[in-house]
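Protein sequences, first through last, are from chains A, B, C and D. Read left to right, the first sequence gives residues 1 to 197 (the UniProt record's numbering). Read left to right, the second sequence gives residues 1 to 197 (the UniProt record's numbering). Read left to right, the third sequence gives residues 1 to 197 (the UniProt record's numbering). Read left to right, the fourth sequence gives residues 1 to 197 (the UniProt record's numbering). Glycine included, C-beta positions come from ideal geometry on N, C-alpha and C. Encoded as structure tokens, the structure appears first; notes follow it.
There are 4 protein chains.
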Amino acid sequence: MVATPRTRRGDTRRRIQDAALSLFVEQGYEKTSLREIAAQLDVTKAALYYHFKTKEDILISIFEDRTRPLDELIAWGREQPRNQETKRELLRRYSAALHDAAPVFRFVQENQATVRDLSIGGNVKERMFALFELVKEPDASLTDQVRSVSALFTIHAGMFALKDIEGDPEDKRAAVLEVALDLIAAADAGRPLKRSQ
Amino acid sequence: MVATPRTRRGDTRRRIQDAALSLFVEQGYEKTSLREIAAQLDVTKAALYYHFKTKEDILISIFEDRTRPLDELIAWGREQPRNQETKRELLRRYSAALHDAAPVFRFVQENQATVRDLSIGGNVKERMFALFELVKEPDASLTDQVRSVSALFTIHAGMFALKDIEGDPEDKRAAVLEVALDLIAAADAGRPLKRSQ
Amino acid sequence: MVATPRTRRGDTRRRIQDAALSLFVEQGYEKTSLREIAAQLDVTKAALYYHFKTKEDILISIFEDRTRPLDELIAWGREQPRNQETKRELLRRYSAALHDAAPVFRFVQENQATVRDLSIGGNVKERMFALFELVKEPDASLTDQVRSVSALFTIHAGMFALKDIEGDPEDKRAAVLEVALDLIAAADAGRPLKRSQ
Amino acid sequence: MVATPRTRRGDTRRRIQDAALSLFVEQGYEKTSLREIAAQLDVTKAALYYHFKTKEDILISIFEDRTRPLDELIAWGREQPRNQETKRELLRRYSAALHDAAPVFRFVQENQATVRDLSIGGNVKERMFALFELVKEPDASLTDQVRSVSALFTIHAGMFALKDIEGDPEDKRAAVLEVALDLIAAADAGRPLKRSQ
DNA sequence: TATGAATGAGAATTCATTCAT
DNA sequence: GATGAATGAATTCTCATTCAT
Numbered sequence: 001m002v003a004t005p006r007t008r009r010g011d012t013r014r015r016i017q018d019a020a021l022s023l024f025v026e027q028g029y030e031k032t033s034l035r036e037i038a039a040q041l042d043v044t045k046a047a048l049y050y051h052f053k054t055k056e057d058i059l060i061s062i063f064e065d066r067t068r069p070l071d072e073l074i075a076w077g078r079e080q081p082r083n084q085e086t087k088r089e090l091l092r093r094y095s096a097a098l099h100d101a102a103p104v105f106r107f108v109q110e111n112q113a114t115v116r117d118l119s120i121g122g123n124v125k126e127r128m129f130a131l132f133e134l135v136k137e138p139d140a141s142l143t144d145q146v147r148s149v150s151a152l153f154t155i156h157a158g159m160f161a162l163k164d165i166e167g168d169p170e171d172k173r174a175a176v177l178e179v180a181l182d183l184i185a186a187a188d189a190g191r192p193l194k195r196s197q
Numbered sequence: 001m002v003a004t005p006r007t008r009r010g011d012t013r014r015r016i017q018d019a020a021l022s023l024f025v026e027q028g029y030e031k032t033s034l035r036e037i038a039a040q041l042d043v044t045k046a047a048l049y050y051h052f053k054t055k056e057d058i059l060i061s062i063f064e065d066r067t068r069p070l071d072e073l074i075a076w077g078r079e080q081p082r083n084q085e086t087k088r089e090l091l092r093r094y095s096a097a098l099h100d101a102a103p104v105f106r107f108v109q110e111n112q113a114t115v116r117d118l119s120i121g122g123n124v125k126e127r128m129f130a131l132f133e134l135v136k137e138p139d140a141s142l143t144d145q146v147r148s149v150s151a152l153f154t155i156h157a158g159m160f161a162l163k164d165i166e167g168d169p170e171d172k173r174a175a176v177l178e179v180a181l182d183l184i185a186a187a188d189a190g191r192p193l194k195r196s197q
Numbered sequence: 001m002v003a004t005p006r007t008r009r010g011d012t013r014r015r016i017q018d019a020a021l022s023l024f025v026e027q028g029y030e031k032t033s034l035r036e037i038a039a040q041l042d043v044t045k046a047a048l049y050y051h052f053k054t055k056e057d058i059l060i061s062i063f064e065d066r067t068r069p070l071d072e073l074i075a076w077g078r079e080q081p082r083n084q085e086t087k088r089e090l091l092r093r094y095s096a097a098l099h100d101a102a103p104v105f106r107f108v109q110e111n112q113a114t115v116r117d118l119s120i121g122g123n124v125k126e127r128m129f130a131l132f133e134l135v136k137e138p139d140a141s142l143t144d145q146v147r148s149v150s151a152l153f154t155i156h157a158g159m160f161a162l163k164d165i166e167g168d169p170e171d172k173r174a175a176v177l178e179v180a181l182d183l184i185a186a187a188d189a190g191r192p193l194k195r196s197q
Numbered sequence: 001m002v003a004t005p006r007t008r009r010g011d012t013r014r015r016i017q018d019a020a021l022s023l024f025v026e027q028g029y030e031k032t033s034l035r036e037i038a039a040q041l042d043v044t045k046a047a048l049y050y051h052f053k054t055k056e057d058i059l060i061s062i063f064e065d066r067t068r069p070l071d072e073l074i075a076w077g078r079e080q081p082r083n084q085e086t087k088r089e090l091l092r093r094y095s096a097a098l099h100d101a102a103p104v105f106r107f108v109q110e111n112q113a114t115v116r117d118l119s120i121g122g123n124v125k126e127r128m129f130a131l132f133e134l135v136k137e138p139d140a141s142l143t144d145q146v147r148s149v150s151a152l153f154t155i156h157a158g159m160f161a162l163k164d165i166e167g168d169p170e171d172k173r174a175a176v177l178e179v180a181l182d183l184i185a186a187a188d189a190g191r192p193l194k195r196s197q
């Protein structure tokens with residue numbers, strides 16, 4: 001059995017990202033100081049600057065490293081035929097991606113004002129818009145467009161706003177997905193004005 | 001009889017709130033300094049302290065003064081019979097309330113991390129939860145609860161996320177309301193969204 | 001008899017300039033920290049920021065306030081007829097101005113690299129050039145132009161480089177002035193310095 | 001027989017000096033960081049420490065290596081008889097030495113405050129003084145001493161302050177030398193009070 | 001000969017807040 | 001109702017320097 005090496009060779013960068021993200025999520029970006037991040041890792045502030053150029057750079061790197069799956073999802077979506085099954089799969093994968101990188105997305109959700117004028121701000125919006133484009137029909141009515149947006153937002157919000165509702169997390173995720181799928185189905189079919197039966 | 005003077009005259013408090021809110025919305029709470037607020041009003045920082053005890057106090061006062069309609073809406077909702085028409089009216093009024101006090105709600109939306117640990121944090125969540133309670137059926141299935149939450153979030157998100165979609169603002173608001181109403185109708189019926197046959 | 005007031009009403013700005021200048025001269029601009037300046041005045045660093053926007057701003061303000069006589073000298077020179085007597089008077093007054101504001105000019109002399117890329121850099125060069133223009137004849141030969149520059153530099157250098165030469169300060173100043181006057185006389189005559197026969 | 005490799009090969013030390021000097025001249029000593037120097041050479045900061053003990057040490061080594069001609073000039077001067085021709089030759093050689101090692105001397109000129117309290121400070125002053133001693137007559141009047149200093153300063157200033165004056169560089173150097181020679185001639189002859197003719 | 005990783009000290013600057021007037 | 005002057009605490013960031021490899 002080998003003693004834990006004092007210097008975790010090369011993983012410091014990653015450790016900084018982890019500590020930073022967890023503090024950013026807990027307290028918000030602005031209210032988290034580099035001092036705190038450094039303290040949590042038991043290194044000096046200056047060490048952070050060896051690995052990242054600025055505080056903002058830490059956040060940016062977290063984004064770039066952690067939200068790649070979302071980019072891949074969009075890329076995948078663009079190669080598929082635009083039909084119901086693709087959209088359903090998109091929502092499923094979107095739900096899964098959000099779930100896997102929950103902290104980053106929670107951070108974005110709760111720090112929009114901050115994210116907006118960071119250089120990543122653009123990316124975030126663009127990606128939401130790209131997803132939206134993949135999910136809506138090109139010539140959809142305004143209402144159907146709203147249904148598509150709503151489907152996306154339901155998944156998004158479901159991730160974070162359902163904490164207070166009781167129930168098994170997996171069940172909740174399933175319920176959220178069901179409602180979202182229903183919304184895009186409705187969007188595809190046109191308006192559900194009539195209550196049948 | 002003397003004309004109301006256009007300048008100050010006890011309305012300084014209100015002017016501070018306005019300037020602060022507009023800056024808070026633009027830049028976020030933390031990134032807005034009292035210096036900036038004071039500068040915009042052409043007074044000194046110290047003057048702000050004559051009217052408010054702390055920076056946080058400015059924000060709190062804005063909340064208390066500007067979100068009263070939402071409290072009234074909840075109070076109203078509690079006195080109504082819990083039926084479809086009440087819920088529909090709730091959503092309508094909620095949409096209107098959001099629209100009237102858009103800046104405050106936009107601020108909350110974009111500064112969740114900040115709002116969370118301000119003393120108002122509780123209020124905000126509680127009110128969302130109160131609305132949710134008014135809109136969902138007590139014994140609703142998980143899926144139907146999600147539909148209710150989704151209806152609320154659709155209105156909320158519709159307020160802020162639809163900027164990038166083209167269309168007349170009033171039309172958009174109507175579309176958003178339509179989708180939200182559909183969602184609670186479905187929640188009430190315990191069935192997916194109905195399709196036009 | 002009145003006790004010295006704790007707060008020297010309004011003269012803080014001036015006191016900061018004085019302390020700063022003396023430290024800038026002693027140690028150089030970059031090696032003088034705001035902490036030191038504040039400490040010397042027994043105030044906090046933040047107090048400095050109440051009176052000046054940045055460190056650079058302190059230096060700029062010193063310049064603007066202390067080198068006005070030089071501007072006035074140039075203005076005066078421009079209104080005079082360009083003849084020997086004017087030039088002689090210019091040099092005399094220049095010598096006096098340098099003497100009165102010795103610390104500032106000593107600072108410039110010893111911190112040229114710093115001054116160069118401060119916003120005041122331009123001013124300094126421009127003023128030297130303006131003086132040079134007043135002292136040289138428009139169509140002077142290169143050699144005579146050098147004589148004019150040399151006259152100016154003699155006064156300038158004499159101010160600071162003669163410390164190590166023994167002699168009464170007043171005598172030294174007189175000697176410096178004499179050499180400078182000789183130089184412009186020679187420049188005017190278009191001939192080498194004249195010798196006592 | 002192998003061709004001298006163009007790349008490194010023991011010349012790193014020299015390359016560091018060159019890069020450092022050029023940055024020191026451009027930006028000043030304090031405002032140039034080791035990071036910048038290293039970056040310009042495409043090595044790490046630590047590499048600099050292999051070749052030099054400290055930042056100051058880099059500067060000192062530049063001095064020692066680059067200003068030797070001046071020491072040699074002084075040594076030469078001390079062996080010569082103190083007469084007009086020696087002095088003239090001294091000024092000529094001084095002008096040439098300044099010209100050859102212009103960057104170093106420009107650096108000293110513009111960073112006096114810095115140089116002063118570096119360990120080289122002494123050297124610089126001492127050498128100026130040694131030159132001065134060689135150029136002035138032991139029992140010269142104060143005025144004649146000023147003439148000697150002025151001659152030296154004219155050469156010095158001419159090197160750096162004549163940028164803004166139009167003319168061919170070689171012509172300017174010649175003019176500068178002429179004025180300086182004239183000054184020591186006058187110093188030697190006693191005062192040039194009378195305007196002959 | 002170099003580098004990668006880190007440190008300790010310190011810099012300039014900003015902020016919310018206070019208080020005598 | 002408001003200001004002028006100041007503070008204490010914190011922040012981001014930079015720097016010269018060190019040392020094991």
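By a beta-carbon distance limit of 8 Å, residue 153(A) contacts residue 157(B). Their separation comes to about 5 Å. For residue 122(A), no chain B residue has a Cβ inside 9 Å of its Cβ, as the nearest lies near 12 Å away.
The three-state secondary structure of residue 82(B), taken from DSSP, is coil. Taking C-beta atoms under 8 Å as the contact rule, residue 132(C) and residue 149(C) qualify, at a distance of about 6 Å. In the structure shown, residue 119(A) adopts coil according to DSSP, grouped into three states. Taken atom to atom, the span from the alpha-carbon of residue 96(A) to that of residue 145(B) is near 21 Å. With its beta carbon less than 8 Å from one in chain C, residue 165(D) belongs to the interface. Look at residue 162(A) here: in three-state DSSP terms it is coil, with no helix or strand label. Looking at the backbone, the Cα of residue 136(B) and that of residue 187(B) are separated by about 8 Å.
Not one beta carbon of chain C lies nearer than 8 Å to the beta carbon of residue 135(D). A distance below 8 Å between beta-carbons, with the five flanking residues on each side excluded, links residue 173(A) to the following residues of its chain, in chain order: 95, 99, 158. Using a Cβ-Cβ distance cut-off of 8 Å, the segment 77-93 of chain A and the segment 81-88 of chain B are not in contact, since fewer than three pairs of beta carbons, one from each stretch, lie closer than that value. Looking at the backbone, the Cα of residue 180(D) and that of residue 183(C) are separated by about 11 Å. In the structure shown, residue 191(C) falls within a coil segment according to DSSP collapsed to helix, strand and coil. Counting the other Cβ atoms within 10 Å of the Cβ of residue 163(A) gives fewer than 16, which makes it exposed. Nearest C-alpha to residue 93(C) among 59(C), 115(C), 70(C), 43(C): 70(C). Separation of residue 43(B) and residue 166(B) (C-alpha to C-alpha, rounded to the nearest whole angstrom) is 41 Å. Under the three-state reduction of DSSP output, residue 50(A) falls in the helix class. Look at the segment 76-88 of chain D: it has no residue with a C-beta under 7 Å from a C-beta of chain C.
The DSSP-derived three-state label of residue 97(B) is helix. The residues 115, 124, in chain order, have a CB closer than 7 Å to that of residue 108(C) in the same chain once the five nearest residues on each side in sequence are set aside.
Put simply, of 67(D), 119(D), 113(D), 168(D) the residue whose alpha carbon is nearest the alpha carbon of residue 103(D) is 67(D).
Taking C-alpha positions only, residue 171(A) is separated from residue 45(D) by approximately 56 Å. Interface residue (Cβ-Cβ distance to chain D less than 8 Å): residue 193(C) is classified as such. For secondary structure counted as the alpha helix (DSSP H) over 4 or more consecutive residues, the segment 17-45 of chain B holds these complete runs in sequence order: 34-41. For residue 110(D), the uninterrupted alpha helix (DSSP H) run begins and ends at 102-110, by DSSP.
A direct Cα-to-Cα measurement between residue 113(D) and residue 106(D) gives close to 13 Å.
About 6 Å separates the Cβ atoms of residue 41(C) and residue 15(C), confirming a contact at the 8 Å cut-off. Residues of the segment 26-55 of chain B that bring their beta carbon within less than 8 Å of a beta carbon in chain A comprise 27, 28, 29, 30, 31, in sequence order. Short of 8 Å from the beta carbon of residue 19(A), and not among the five residues preceding or following it, lie these beta carbons of its own chain, in chain order: 37, 40, 41.
Burial state of residue 28(A) is buried, judged by a 10 Å Cβ sphere holding 16 or more other Cβ atoms. Judged by DSSP in its simplified three-state form, residue 137(B) adopts coil rather than helix or strand.
Near chain C, meaning a CB-to-CB distance below 8 Å, the residues of the segment 142-169 of chain D are 142, 143, 145, 146, 147, 149, 150, 153, 154, 157, 158, 161, 162, 164, 165, 167. Residue 168(D) and residue 126(D) have their C-alpha atoms roughly 33 Å apart.
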